[in-house]
Each structure stands twice: as C-alpha cells, then as structure tokens.
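Inspection log for the structure reproduced underneath, given as structure tokens.
Protein chains: 2
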Amino acid sequence: MSENNIPYKIYLEESEMPRNWYNVRGDMKNKPAPLLNPATLKPMTAKELGAVFCDELVQQELDNDNCYIPIPEEIRDFYKMYRPSPLVRAYCLEKKLGTPAKIYYKFEGNNTSGSHKLNSAIAQAYYAKKQGLKGVTTETGAGQWGTALSMACSYFDLDCKVYMVKVSYEQKPFRREVMRTYGASVTPSPSESTEVGRRILEKHPGTTGSLGCAISEAVEAATSTEGYRYVLGSVLNQVLLHQSVIGMETKAALDKYNIKPDMIIGCAGGGSNLGGLISPFMGEKLRGEADYQIIAVEPASCPSLTRGKYAYDFCDTGMVCPLAKMYTLGSNFIPSANHAGGLRYHGMSSTLSQLYADGLMEARSVEQTAVFDAATQFARVEGILPAPESAHAIRVAIDEAVKCKETGEDKTIVFGLTGTGYFDMVAYQKYNDGEMSDYIPTDAELEASFATLPKV
Amino acid sequence: MSENNIPYKIYLEESEMPRNWYNVRGDMKNKPAPLLNPATLKPMTAKELGAVFCDELVQQELDNDNCYIPIPEEIRDFYKMYRPSPLVRAYCLEKKLGTPAKIYYKFEGNNTSGSHKLNSAIAQAYYAKKQGLKGVTTETGAGQWGTALSMACSYFDLDCKVYMVKVSYEQKPFRREVMRTYGASVTPSPSESTEVGRRILEKHPGTTGSLGCAISEAVEAATSTEGYRYVLGSVLNQVLLHQSVIGMETKAALDKYNIKPDMIIGCAGGGSNLGGLISPFMGEKLRGEADYQIIAVEPASCPSLTRGKYAYDFCDTGMVCPLAKMYTLGSNFIPSANHAGGLRYHGMSSTLSQLYADGLMEARSVEQTAVFDAATQFARVEGILPAPESAHAIRVAIDEAVKCKETGEDKTIVFGLTGTGYFDMVAYQKYNDGEMSDYIPTDAELEASFATLPKV
C-alpha cells in the first residue's frame, strides 16, 4: 500500500535523533512576556525562581536568546529507550475517508507513561539530580504527568512526591499504582501533610480537591523541605523547550522523505505538546524560510485561545504562583465536570499565547462528542486507542481531510497523537453508552470569570 | 552508551519484515500429535474442524509439512501499522545488574491490545473475511485476546462476539470498554444467549463463570449461527504459526548486527508467544545448523511443563472441544485464585509439548512474588511496565544475567516481553502493599487432577 516508498511508520535511526532542543523564543521578535512576582508585579528574577525550580531549569525558563540548547547525553540515553517515536502515515484512515489528503501523525504514546510528558519529566529529573537534590514534588490530576515524573525519578534514583487531586486518587487507583510501582509516594490532595492542605481541609472538610490546591501543596512541600524543588509538566517555557524533541524528530523524519507539510495540528491544554510539535516549523515561519498553517485545537468547554483574554493571570487557582501573561479564562474558571478529556487548564503557555497574538497560528475549539466520534473512527482503522486529549487533534485532522475530499486538494496534514486512552475508559464508556453530553460555557460565565483577573 | 554500534532499539525496515510465517512443524522429525475427536478418538478431519474454524485456518492447523506459509498482503499491511516491534538492548538493566551478559528483549506491547495477541487475531480475522463470513466468536478471560480480536475485526468490518468470563466482565470494565469501542459485542459468561449458558445458570445461579464455560458458549454461538466461526488465541498450531512473526523479526534483527544469542527465554501459558519467539531458532536447532538454550517459563502455581503429564486431554473444562496431546495438569485443574498473572491454562501447545518431550527445550517454574520483584526492577530501569505474564520471562532473564556476573560469562540472552501491565494494576497494588502471596499446588492436588484425564 505504501506509495512513493513512504513506509507506514518512519523511524529515525538513533544517529539521526536530535542532539539539541530548539528554543523557539530565540527566533521570536516579540518575546513571551516575563513571569511576574505576584507581590511586587516585577519580573521574577533567577534567584526568586531558584527557590522553587532547579537552577538550570531557571536558566532555560529565562533564556529568550539561544535557539539551540544541547540535550545532555544522559537524557539522550534515556530518550533512546523509548524514542524516536514513529511518524506514522495514516494510510488506513485516508482510505476510509476517501481523501486525497496525506495524513501523518507523530505518536508519543508508546511508553509506559502513555504520553509525551516523559520528554520533559526526564529532563527535569536529570537537572534535579545534577544539582544534587534529594527529590522533587509535583501535582497531578488525571495522572499522566505524575506517571511520567515517577518513571524519570526512578531512573535517576530521586525521591518523587506526587500530590494527586483526591477525586482522581480515589477514582483512578490504577494510575496511582503505576506511580507507586515506580517508587513515588502519592498523597491525595488536600492532605494533612502541608499547611495549605490543613487549612483547606479545615475550611472544606469534604472537599475532593482541585489541581490548584494540589499545586499549592506541591510547591509548599518543595520549598519547605531541604534538597527538594518543584516541577511542572506544562505551560512553562522550559517544558516547551524539552518537548521540542517531538517537532525536531517530526521535521527530520519528514525531511528524510522530502515531505513538506501544509498544516500542523495539535491539541492544546497548557501547550506542552503543541508547542513542542510545532517548534521547528514555527522557527522556519519566524525566519521567513517556509510557511505552514498551524492549528491549535482546544475543547469547546475550556476555550482559552478562542474565547479567553490575553492578560496576566495566576497559573494556579490558589494564586500563590507567579503571574503569567497568557490567553486565559481566569484562574477561577473550572470546566464542566462532564468534560472527559484533559486540556482542562484555564490558561495557555506564554510562548504560544504570544505566537497566537501575533497571528502566527490559528485555534479551533471542538465539542467532546465530536472528539470521541473521531477517536473511535481513528481507533477502528489505525489500531491505536487515542487519549481524549489527542483526539481533539484527530477531530480537526479528519475535518481538514474531508474538506480536501470536497475540494480535491491533496494537502499534507501532520498532527500530534500525544498519547493513549487506556486510563480514560470511563469516558469511552459514556460515549459507547450514548450518555456523553457537550458543554459550552456561556458568555456570562466567562465574563464573571474574567472579572477575577488580577489588575496588572 | 551503545557499544559496537548496537542501538538501544533495533527496528527492521519495512522492506526487511518477514513475508512468510515459519511453520516449525515442517522441520520436526516427531510431529505434534493430532487433535482427536472426543467421540470417536480418531484424528479430527479437515471437514470436522471446518465446522468450527475457518477453512484456511484448518489447513494451517493440519499442515505439518510446509515450512514457509506466505503472509497475505492484507495482513502484512496491518502488521505495518504496529510492526516491526523493536528488539531492545537492555543496556540499563545490564548496568543495574552489573552483569557482563548482553540482554535483548523483543517488545510486543506497543499496540492497543497491549500484547502479541494481535499477530494471530488479524490473521484469523482476515481468513474469516476471505471466506465471506459475517463474524467470529471467541472467549476472553483477562481480556487481552478479546481486545486484539476486536481490533482485528473492526479493521476487516467483521462482527465480533466476545464471551467474557463474568468475573472479569465485572472487575475489568475498562477492558470491556476497549472491546466495545472497537465495535465488539461483549457478553458476560455464562449468559442466557446460549443453551449451554442457560443450563449452567440454571444449575449454578450465582456463578461468576470460567474460561471453560466461556469457550463452550463461544463455540456454540459460532456453530449455531450461519456465517460465523470460532477463533482461539493460543494453544493451536495455527496460532503458533502466526506468532512466528515475532521470532522471524527477532532473528532478522539479530542477524542484521551479527548477534548470536546463547539463550532464548519466553513465558508460556498456552504457548503462543513462546512458540512464535523461538520458532526460527528451533528450526535451526532441528536442522542441526545452530544450537541455542531455549527456556520456557511458567508459574509455579500452574506448572504444566514442569509438573504436568504428557497425555491426551480436553482443551476446555467443558470437555466439548477436541482432545489434544500435551503437557497438562488435567482440564479440571484451576490455579489458585491468588495468582495474579495470566498463564493460567491447564495445558500447553501440542507443538511445544512435543519439542519439550524431545528434549529440545527446557522449562522452569517461578513464584509470583519473585515475578513481581523482577517486573518492578525492570520497570524502574527500562521504563516499560511489563504484564505479569511477560515478567515470568524477565525473572529468568535476570537470574541468568546474575549467574553470568558470578561466572564472568558474557552470554547473549534474548527474551520475549509479550505485553504491558496497564490492566494488571490490582496485582501490582497487592505487590506494592506487600500483600502478595505464593502458591504451589501439592502433589496430592495434581494427582487428583490427573485422575480426571480421559482414557485414550
């Protein structure tokens, strides 16, 4: 079936794997706005950030100039255990759709964490180890990031403390056990182990927790314990930098077969996958070397790019973290509980926000029933059961391929398949049983949430 | 870290993928004993088998002569979506163990079914489609085989009826939902939908089912419905034939780098993975071209090779299927409920049984706590969370690598990593909580079970 000798799956050789991360900020004319200290409203200094994050990661966070950052050999060795990830030609999906479009997807789910999160987890664990730290703390909601970090920490023999939103801790015991198997300690949040946790429990004895609360606990645990730092799985510049390995590999694989994509599509929650996938393509665009249509796909239930405000906001609902300038729905915005996938974050990476504000990429929002339609359609012909997050990108890729069928264009579409849906079967069950519903916040709801934006 | 230019993961090119399955029976001097009709005790004819199985699969089942069977292009196209699977050099495990041994594993878990089962599922679905059938029926216990078959049937647009042991249906809703997502109908067994199911429910109203009962229901559903056949995921000669793709790829990958293994290790339940992995190596051994130490690893709780009898026995506990000559614990043998992994089958592939009887391979049994020790040790350095079944092979691979450390030998060890453990977290939790126990059947228990062997 392979045409023009393009295989179903393009794997780079080990020798072709990227030796550098690409820092898109180096090529941006309008740099992403700096993080602000919430007390002083002045840009966070390296010293201030160093109390929370590892020193080298702080440097990466603040580096708006260097385009290429060498990937340390120890990280490249770990990457070799599960990377390069395949760039797959979706021949079977194309055939099923009867489209002249050529569809490729970069599949990041073939590792035990089940997603691309491992690319940054291993980097952050490495720098923590290099700094001589004992361990790191983090929060996790659904558990993908916590799993990735647990794996990375066990590899470098670092202690890993995960604060897991209590409702997930109870409803997703399997995720919890994967983390424990990798040696992490997993604490349901809010907990008695931190001051902020105790305060919240006193005020709301029956609470099942929130991501914002878990972040606050993880940050407190890191900053109050000798030899620990806090790590985060998305949103930050450093995370997008590490995730650029996705895009670098994708570009190298396409170049190997002289394939030039017309559009690149990725789902967007905090932006780690999308930012990584598009980075080298965006670089070419910024340097005027090539043009691509770049599309961020977000849930209609949590539409930060398509309906949010571009403003400084808190990164956490607890409002203890620095302020970031980003497209945001307001840090008090909580997506409807009926939303099944991830991508529930109220804001968006500052880097992507700036690129979007500058008109360098588009955004679309999709409803979840349509997303699961696409997920099921994809699974049945391409074999892989996608994570609901990833299926947002599948939805738009299918829509675009169907448009090509109508117009007769043979566009080349590349999308990011960030992970697998093994731990999302409750949502699939709802869909299979015809009990999934859609939810779009009203303008009034968003206005109420915008009203809580800090005055900066 | 890669030495001698051997990468962490050896991927074959698409053009290097096997175009034939290898049928080890063609090279065996002592052929496996034929299936017998339980009523007449005479070898099952093609016609008799054709009432239950697809015609071409019957031919493959009975073919003891042809060494190479071409893989149809449609199956090769499907294989290209998730194969070749990587042959991984376990550099990190070697380093952790401090062993001079070189350890490789063939990883079959990188597809949504999570295991090697898909290799035969797609072949069986293809032949059913080719025969113009409407659909197939099968049973599933833990759900790996049912998932693989659901994926294969959705690809070929075949109806798929899965009888799932009731206790698993209720305790493993996620597995069930994966199958439903691929369009399969999943019925808890025993059910009201078959005569045998109704009979069992009448006799044992509260029963949670068994694999033997689910097999009986699936066979009845196939033989009583126009346009349906029954399919099975292990034990049969045809299944080992399809699984030879594992061994063919492994050998091609090793040959590519001039690597000659000293020993090949695989877990063994019904024998599908082990039989597939070792097939081309066993072929060389049978033809006197090379020698390898080949080790089957089974659970101490279900030790068919190490403590079973080599005799004709029923393949199912319902005693409706043909008799097979194999190492068996008796079709009434039920492994202790505390056994966490798969590999719970009372018998063993006839082909492997004959090879074992002829002294061409060894067998070892291991206890489950030791298996989970190995699984956890492996996961923490190699990243992949193994299925408990696969971890049986890891246990012996580690034991052999540690022996090499003691003796200073730099043996090359290859083992089969058949799948991932995402759906086995209840067992991992028991292990993490220190609540896992071991169980070895007593001689008296085995003798009692042997007493029920049919007189042939």
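Taken in order, these protein sequences are the chains called A and B.
Residues 627 to 1082, numbered by this note's numbering, are exactly what the first sequence covers, in order.
Residues 627 to 1082, numbered by this note's numbering, are exactly what the second sequence covers, in order.
Beta carbons: idealized from backbone N, C-alpha and C, even for Gly.
Being a predicted model, the structure only gives us computed values, none of them experimental.
request  = Taking only runs that begin and end inside the segment 907-977 of chain B, name each unbroken alpha helix (DSSP H) of 4 or more residues, in chain order.
outcome  = DSSP runs (the alpha helix (DSSP H)) wholly in the segment 907-977 of chain B: 930-933.
query = Would you call the segment 848-859 of chain B and the segment 666-685 of chain B in contact, with 3 or more CB pairs under 8 Å?
reply = Verdict: yes, contact present.
request  = Give a yes or no on whether 8 Å exceeds the smallest Cβ distance from B:A937 to chain A.
outcome  = Residue 937 of chain B sits at position 311 when you count from the first residue of the second sequence. False, the Cβ-Cβ gap to chain A never drops below 8 Å.
task = Just mark B:K1029 as buried or exposed, buried being the case when its beta carbon has 16 or more other beta carbons within 10 Å.
result = Looking up residue 1029 of chain B in the second sequence gives position 403. It is exposed - the Cβ of B:K1029 has fewer than 16 other Cβ atoms within 10 Å.
request  = Determine contact between the segment 861-878 of chain B and the segment 744-759 of chain B, defined as no fewer than three beta-carbon pairs at a distance below 8 Å.
outcome  = Three or more beta-carbon pairs separated by less than 8 Å link the segment 861-878 of chain B to the segment 744-759 of chain B, which places the two stretches in contact.
ask   = Quick one: is A:D1059 buried, meaning 16 or more other Cβ sit within 10 Å of its Cβ, or exposed?
value = Reading the first sequence from its first residue, position 433 is the one you call residue 1059 of chain A. Under this definition A:D1059 is an exposed residue.
Runs of alpha helix (DSSP H) wholly within the segment 654-720 of chain B (minimum 4 residues, chain order) = Segments of the alpha helix (DSSP H) lying fully in the segment 654-720 of chain B: 672-676, 681-688 and 699-708.
request  = Specify the secondary structure class of B:T849 as computed by DSSP and reduced to three states.
outcome  = Counting from one through the second sequence, the residue named residue 849 of chain B turns up at place 223. The DSSP-derived three-state label of B:T849 is helix.
key: Residue range of the beta strand (DSSP E) that includes A:G1042   = On the first sequence, position 416 is the one that residue 1042 of chain A refers to. Element bounds for A:G1042: T1038 to L1043.
query = Does DSSP put A:M627 in a helix, in a strand, or in coil?
reply = Your numbering for residue 627 of chain A matches position 1 in the first sequence. Note that A:M627 scores 43 on pLDDT, short of 50, meaning its location in the model is unreliable; the coordinates nonetheless yield the value given after this. In the structure shown, A:M627 sits in coil (DSSP, three-state: anything other than H, G, I, E or B).
inquiry  = Taking only three categories from DSSP, how would you classify A:D1059?
reply    = Mapped onto the first sequence, residue 1059 of chain A falls at position 433. The answer is coil: DSSP assigns A:D1059 none of H, G, I, E or B.
query = What separation, rounded to the nearest whole angstrom, lies between the Cα atoms of B:S628 and B:T1038?
reply = Here residue 628 of chain B is taken as the residue at index 2 of the second sequence, counted from 1. Here residue 1038 of chain B is taken as the residue at index 412 of the second sequence, counted from 1. Here B:S628 scores only 49 on pLDDT, less than 50, and its place in the model should not be relied on; the value that follows carries that caveat. The alpha-carbon atoms of B:S628 and B:T1038 are separated by roughly 15 Å.
task = Check distances from the C-beta atoms of the segment 1024-1049 of chain A to those of chain B and list, in chain order, the residues that come in under 9 Å.
result = Those residues of the segment 1024-1049 of chain A that come within reach of chain B (Cβ to Cβ, closer than 9 Å) are T1046, G1047, Y1048 and F1049.
task = With 8 Å as the threshold, decide whether the Cβ of A:M627 is near any Cβ in chain B.
result = In the first sequence, residue 627 of chain A corresponds to position 1, counting from 1. Low confidence applies here, because A:M627 scores a pLDDT of 43, under 50, leaving its location unreliable and the question unanswered by this model.
ask   = Name the DSSP beta bridge partners of B:M874, please?
value = Stepping through the second sequence from its first residue, residue 874 of chain B is reached at position 248. Per DSSP, none; premise fails for B:M874.
message = Going by DSSP in three states, A:G902 sits in which element: helix, strand or coil?
response = Along the first sequence, read from residue 1 onward, the residue named residue 902 of chain A stands at position 276. Three-state DSSP puts A:G902 in a helix.
task = Give the residues of chain B in contact with A:S741, contact being defined as C-beta atoms less than 9 Å apart.
result = The count along the first sequence starts at 1 and reaches residue 741 of chain A at position 115. Those within 9 Å of A:S741 in chain B number zero; the least Cβ separation is about 13 Å.
message = According to DSSP, simplified to helix, strand and coil, what is B:C782?
response = On the second sequence, residue 782 of chain B is found 156 positions in, with the first residue counted as 1. The displayed chain sequence assigns Phe, not Cys, to residue 782 of chain B. B:F782 falls in the coil class under three-state DSSP.
task = Taking only the alpha-carbon atoms, compute the straight-line gap between A:S898 and A:A1074 and give it to the nearest angstrom.
result = Along the first sequence, one-based indexing puts residue 898 of chain A at 272. Along the first sequence, one-based indexing puts residue 1074 of chain A at 448. Looking at the two C-alpha atoms, the distance is approximately 28 Å.
request  = Give every residue of the same chain whose Cβ lies closer than 6 Å to the Cβ of B:V997, excluding the five residues on either side of it in the sequence, and list them in chain order.
outcome  = By 1-based counting over the second sequence, the position of residue 997 of chain B is 371. Within its own chain, the residues whose Cβ lies closer than 6 Å to the Cβ of B:V997, once the five positions on either side in sequence are excluded, are A1017, H1018 and R1021, listed in chain order.
request  = Per DSSP, which residues does B:S991 bridge with? Please list them.
outcome  = Taking the second sequence and counting its residues from 1, one reaches residue 991 of chain B at position 365. According to DSSP, which records beta bridges pairwise, B:S991 is partnered with B:E924.
inquiry  = Per the DSSP calculation, B:I826 is bridged to which residue(s)?
reply    = In the second sequence, counting from the first residue as 1, residue 826 of chain B sits at position 200. Answer is none; B:I826 lacks a bridge partner.
key: Selection of the segment 800-834 of chain A by Cβ proximity to chain B, strictly under 7 Å   = Within the segment 800-834 of chain A, F800, E803, V804, R806, T807, Y808 and G809 place their CB atoms closer than 7 Å to a CB of chain B, listed in sequence order.
inquiry  = Helix, strand or coil for A:S776? Go by DSSP, reduced to three states.
reply    = Indexing the first sequence from 1 puts residue 776 of chain A at position 150. Assigned with DSSP and collapsed to three states, A:S776 falls in helix.
Close Cβ partners of B:P1067 (< 6 Å) along its chain, the five nearest in sequence each way excluded = In the second sequence, counting from the first residue as 1, residue 1067 of chain B sits at position 441. Closer than 6 Å at the Cβ level, and outside the excluded window around B:P1067, lies no residue.
query = Is there a Cβ from chain A that is less than 8 Å from the Cβ of B:Y883?
reply = The count along the second sequence starts at 1 and reaches residue 883 of chain B at position 257. Cβ-Cβ to chain A under 8 Å: no for B:Y883.
request  = Identify whether B:V997 lies in helix, strand or coil by the three-state DSSP scheme.
outcome  = Within the second sequence, numbered from 1, the residue matching residue 997 of chain B stands at position 371. Three-state result, B:V997: helix.
message = If you follow the beta strand (DSSP E) that A:Y1091 is in, where does it begin and where does it stop?
response = This structure leaves residue 1091 of chain A out entirely; chain A is present only between 627 and 1082.
query = Can you name the residues that DSSP bridges to A:N649?
reply = As a first step, residue 649 of chain A is located in the first sequence; it is residue number 23 there, counting from the start. Its beta-bridge partners do not exist; DSSP assigns none.
Among A:T666, A:I632 and A:E642, nearest to A:K1081 - alpha-carbon criterion = Walking along the first sequence from the start, residue 1081 of chain A turns up at place 455. With respect to the C-alpha of A:K1081, the residue from A:T666, A:I632 and A:E642 having the closest C-alpha is A:T666.
query = What's the C-alpha gap between A:R933 and B:T764?
reply = Locating residue 933 of chain A in the first sequence gives position 307, counting from the first residue. Locating residue 764 of chain B in the second sequence gives position 138, counting from the first residue. Their backbone Cα atoms lie some 49 Å apart in a straight line.
inquiry  = So that I know if they touch, is there some Cβ in chain B lying closer than 8 Å to that of A:N745?
reply    = For the purposes of this step, residue 745 of chain A is identified with residue 119 of the first sequence, where counting begins at 1. Using beta-carbon distances, A:N745 does not count as an interface residue toward chain B, since no partner is under 8 Å.
query = Shorter than 8 Å from the beta carbon of B:V1007 to some beta carbon of chain A?
reply = Taking the first residue of the second sequence as 1, we reach residue 1007 of chain B at position 381. True, the Cβ-Cβ gap to chain A drops below 8 Å.
inquiry  = Using a 10 Å radius around the Cβ and a threshold of 16 neighbouring Cβ atoms, would you call A:T1085 buried or exposed?
reply    = This structure gives no information on residue 1085 of chain A, because the portion of chain A shown stretches from 627 to 1082.
query = For B:S1085 versus B:G902, is the C-beta distance shorter than 8 Å?
reply = As displayed, chain B neither begins before 627 nor continues past 1082, which places residue 1085 of chain B out of reach and without an answer.
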